[in-house]
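A short write-up of the structure that comes next.
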Amino acid sequence: MARSPRILTIVLAGGEGKRLAPLTADRAKPAVPFGGHYRLIDFVLSNFANAGYLRIVVLTQYKSHSRDLHITRTWRLSTQLGDYVTPVPAQMRRGPRWFQGSADAIFQNLNLIGDERPDYSCVFGADHIYRMDPRQMVERHIESGAGLTVAGNRVPIEQADQFGIIERGPGDRILSFVEKPDEPKALADAPHQAFASMGNYVFTTLALIDAVTADAHDEGSKHDVGGSIVPRFVDAGDAQVYDFTENEVPGSLGRDHGYWRDVGTLDAYFDASMDLVSPEPVFNLYNYEWPILTSQRSLAPAKFVPGWHGQAGEVSGSIVCAGAIVTGATVRDSVLSPSVIVEDGAVIERSVVMDNVRVGAGAVVRNAVLDKNVVVPPGARLGCDLDADRSYFTMSDGGVVVLGKGEHVPEGWGAGA
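Listed below in structure tokens is the structure:
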């Protein structure tokens, strides 16, 4: 009886996430909170856990403490069965230097592959919002006999310069791959779209080892999987694409089938958050056949109480997490994370409010992202006068006001708007 192929999962979680600042001021991008009580990295780890791929190494580098602490607290697997999720910082095994790129991160940790001796290696990014059954991609890779399979998905042509763009040939072979092109090639059947790499790869392990080793000795390389390793396989005719829309996840609704968001910018992060709170969610957190897993703190349930004058307030179209208390306030189309306090008469609309934020009585928060421990004093107004907000706070290109961890809004801010 033939044995099942041995799979190792490598999650690339070392990105700085500069375009998500100030949310990444003291945490790496994969550790950014999302959807109330999740972290971005929970989505990729949940996909592998649900698929039964339970030997997972997470390669880290920048501002790793909150991400590593989250993994340690949340992702404890059965060591008796040989399963693990473990963060691996830069260990400088190849000399006194940090990772020079994602390919170099793999090269510096070839000992992990040598210890596990997998037949195939999944190399996935850690900061996208999606559900995927990776077993289907691995099966397609094995059937093809290719050295590399790249997961691809359609994206709007105006966003294509943010991705590696794939030209797909007969038999799903990749004819060309260009990383973040200035003039991306549109699809023949959809001129408004391009076919983009999702940053998820399945390698035949021996081919991966050969590729990152050769790349390590190439002084002109950027040592990046997308920019350096994928083109090697494409040039050798040894790369194929896996169309993400063909992936079938148990419990998926028609609307969220094929959903994938790269939350690389503040506006992308905000838009993906708003996808969660639409009446028929574009991305459904409530699919318990393929759950998104995370740690759950011991908090009291969310509580809604009347205001000082007995008014009940209103909460609609929103996610409200445990420990939150809303007192006679109005919350619409928003995400309230654990232990948020919204005081009497406050209004929160189309906003993401993270852990332990306090919004004072009569304050207004619109089209905003408030990181942990932010204080909005009574009567202050955010998102009402964008010119004033832009002069003091971070403002996204799309007009979303973003406050970093622990920022305090000045007393009376925007009260005259």
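Each number in the working numbering corresponds to the 1-based position in the sequence shown with 782 added. The beta carbon of each residue, even a glycine, is placed where N, CA and C say it ideally should be.
If we count the other Cβ atoms within 10 Å of its Cβ and call it buried at 16 or more, is residue i buried or exposed?
i: valine 920; result: buried
i: proline 1088; result: exposed
i: histidine 1091; result: exposed
i: threonine 791; result: buried
i: histidine 1039; result: exposed
i: threonine 995; result: exposed
i: alanine 1082; result: exposed
i: glycine 1127; result: buried
i: leucine 957; result: exposed
i: alanine 1018; result: exposed
i: lysine 811; result: buried
i: threonine 1027; result: exposed
i: glycine 981; result: buried
i: arginine 1172; result: exposed
i: leucine 1190; result: Checking the displayed sequence, the identity of residue 1190 turns out to be histidine instead of leucine. Looking at its Cβ environment, which holds fewer than 16 other Cβ atoms inside 10 Å, histidine 1190 is exposed.
i: aspartate 997; result: buried
i: serine 1098; result: exposed
i: alanine 972; result: exposed
i: histidine 1005; result: buried
i: glycine 1033; result: exposed
i: glycine 1002; result: exposed
i: serine 1010; result: buried
i: glycine 1165; result: buried
CB residue i to CB residue j, shorter than 8 Å?
i: alanine 887; j: leucine 841; result: yes
i: valine 1183; j: alanine 1150; result: yes
i: tyrosine 902; j: phenylalanine 985; result: yes
i: valine 1059; j: methionine 914; result: no
i: valine 1135; j: serine 1119; result: yes
i: threonine 868; j: valine 839; result: yes
i: aspartate 954; j: glutamine 1022; result: yes
i: methionine 1056; j: aspartate 1137; result: no
i: aspartate 1167; j: glycine 1194; result: no
i: proline 1073; j: serine 828; result: yes
i: leucine 802; j: tyrosine 1041; result: no
i: alanine 989; j: leucine 930; result: yes
i: aspartate 1179; j: valine 1045; result: no
i: valine 1139; j: asparagine 1155; result: yes
i: glutamate 961; j: glycine 907; result: no
i: isoleucine 991; j: glycine 818; result: no
i: valine 826; j: valine 793; result: yes
i: arginine 1037; j: alanine 1054; result: no
i: aspartate 1153; j: proline 871; result: no
If you follow the beta strand (DSSP E) that residue i is in, where does it begin and where does it stop?
i: asparagine 935; result: 930 to 938
i: valine 994; result: Note, valine 994: premise wrong, no beta strand (DSSP E); alpha helix (DSSP H) at 987 to 998.
i: valine 905; result: 902 to 907
i: leucine 1185; result: 1183 to 1185
i: tyrosine 1174; result: No beta strand (DSSP E) holds tyrosine 1174; the alpha helix (DSSP H) holding it covers 1168 to 1174.
i: glutamate 961; result: 956 to 961
i: arginine 1114; result: 1112 to 1114
i: aspartate 1044; result: 1042 to 1044
i: tyrosine 1024; result: 1021 to 1025
i: isoleucine 1130; result: 1129 to 1131
Determine the extent of the alpha helix (DSSP H) in which residue i is found, giving its start and end residues.
i: leucine 969; result: Leucine 969 -> no alpha helix (DSSP H), and no H or E assigned at all.
i: phenylalanine 825; result: 823 to 833
i: serine 1098; result: Premise fails: serine 1098 lies in the beta strand (DSSP E), 1096 to 1098, not in any alpha helix (DSSP H).
i: glutamate 1001; result: Run containing glutamate 1001: none; DSSP gives neither H nor E here.
i: arginine 922; result: 916 to 926
i: glycine 896; result: 892 to 898
i: isoleucine 888; result: 884 to 889
i: leucine 1048; result: 1048 to 1057
i: phenylalanine 1015; result: 1012 to 1017
Ignore the nearest five residues each way along the sequence and tell me which others in residue i's own chain have a CB closer than 6 Å to its CB.
i: phenylalanine 816; result: Leu822
i: isoleucine 1107; result: Lys1085, Ile1123
i: arginine 917; result: Ala833
i: alanine 1111; result: Gly1095, Val1124, Ala1128
i: serine 1133; result: Ser1116, Val1147, Ala1150
i: arginine 922; result: Tyr1024
i: isoleucine 1130; result: Val1113, Ser1116, Val1147
Take residue i and list the residues in its own chain whose beta-carbon comes closer than 7 Å to its own, dropping the five residues that flank it on each side.
i: alanine 976; result: Val937, Ile939, Ala942, Ile947, Pro966, Lys967, Ala968, Leu969
i: threonine 987; result: Ile895, Pro900, Asp901, Tyr902, Ser903
i: alanine 1143; result: Glu1125, Asp1126, Gly1127, Ala1128, Pro1160
i: alanine 928; result: Asp1020, Ala1021, Gln1022
i: tyrosine 820; result: Ile1074, Thr1076
i: alanine 831; result: Leu1075
Tell me which residues share the same chain as residue i and place their Cβ nearer than 8 Å to its Cβ, disregarding the 5 neighbours each side in the sequence.
i: isoleucine 789; result: Tyr835, Arg837, Pro900, Asp901, Tyr902, Ser903, Cys904, Val920
i: aspartate 964; result: Asp943
i: arginine 950; result: Gly934, Ile956, Leu957, Phe977, Val1023
i: methionine 1177; result: Leu1168, Asp1171, Val1183, Val1184
i: glutamate 898; result: Arg788, Leu790, Arg837
Give a single yes or no on whether residue i has its beta carbon closer than 7 Å to a heavy atom of the ligand ZN.
i: glycine 883; result: Among the ligands in the structure shown, none appear at all, so the ligand ZN cannot be discussed.
Can you find a CB in chain D that lies within less than 8 Å of the CB of residue i?
i: phenylalanine 977; result: No chain D is present in this structure, which holds just one protein chain.
Touch test, the stretch 1012 to 1032 against the stretch 887 to 902, Cβ-Cβ under 8 Å, three pairs minimum: In short, these stretches do not touch, since the Cβ pair count stays below three.
Given 8 Å, three or more beta-carbon pairs between the stretch 1064 to 1080 and the stretch 1161 to 1168: In short, these stretches do not touch, since the Cβ pair count stays below three.
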